[in-house]
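Residue numbers (UniProt numbering): 1 to 177. Even glycine gets a Cβ: it sits at the ideal position worked out from N, Cα and C. Inspection log for the structure reproduced underneath, given as structure tokens.
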């Protein structure tokens, strides 16, 4: 809770005198009042006393005369032309080598194992039209975690490249020394 400080009339009169002299900012006036009258005066308190007294602050007095503004455009600077060296022609960029297309894995002949008899680790690629006859599958061994053999995986999937990212945290790639 704040304590209310009662300002003596002499302190208020001294604030008005210093305020109208326009020689000191409010923080210096507060220091003078604190030293002379022994009260805790702040810059805001000084401004409040002056405002309630109806005094307006017109700024500190100018220490030097005001220079008149120049009318019109500023004078143009004259630049000396610098001698320029002839630019060397840029060498043509070397063409990028194109990557050789990946050869698709050969698709093996289907072993035609019925769908209901397929075991784990066997290719589940449907070899025939299931509407015409019971569905049969390829049946060749698969790679771990894939439902198809290498040849049918090349047929059934799209190879993925490096994922494009809009945010690349370059600061994390550098190690602090």
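The distance from the Cβ of residue 32 to that of residue 18 is about 6 Å, consistent with a contact at the 8 Å cut-off.
The distance from the Cβ of residue 16 to that of residue 41 is about 14 Å, inconsistent with a contact at the 8 Å cut-off. With fewer than 16 other Cβ atoms inside 10 Å of its own Cβ, residue 56 counts as exposed.
Around the C-beta of residue 122, 16 or more other C-beta atoms lie within 10 Å, and the residue is accordingly described as buried. For the set 161, 147, 106, 91, the Cα lying nearest the Cα of residue 115 is the one of 147.
Residues of the same chain with their beta carbon placed closer than 8 Å to that of residue 96 are lacking, with the five preceding and five following residues left out of the count.
For residue 155, the enclosing alpha helix (DSSP H) starts and ends at 150-156. The beta carbons of residue 149 and residue 142 sit about 5 Å from each other, so the pair counts as a contact at 8 Å. With respect to the 8 Å criterion, residue 7 and residue 39 are classified as neighbours on the basis of their beta carbons. Residue 108 is a Cβ neighbour of residue 138, given a cutoff of 8 Å.
Relative to residue 154, the option among 135, 125, 46, 133 whose CA is nearest is 125. With a cutoff of 8 Å on beta-carbon distance, residue 135 and residue 112 are scored as not near each other. Residue 37 is positioned such that its CB atom lies no closer than 8 Å to that of residue 13.
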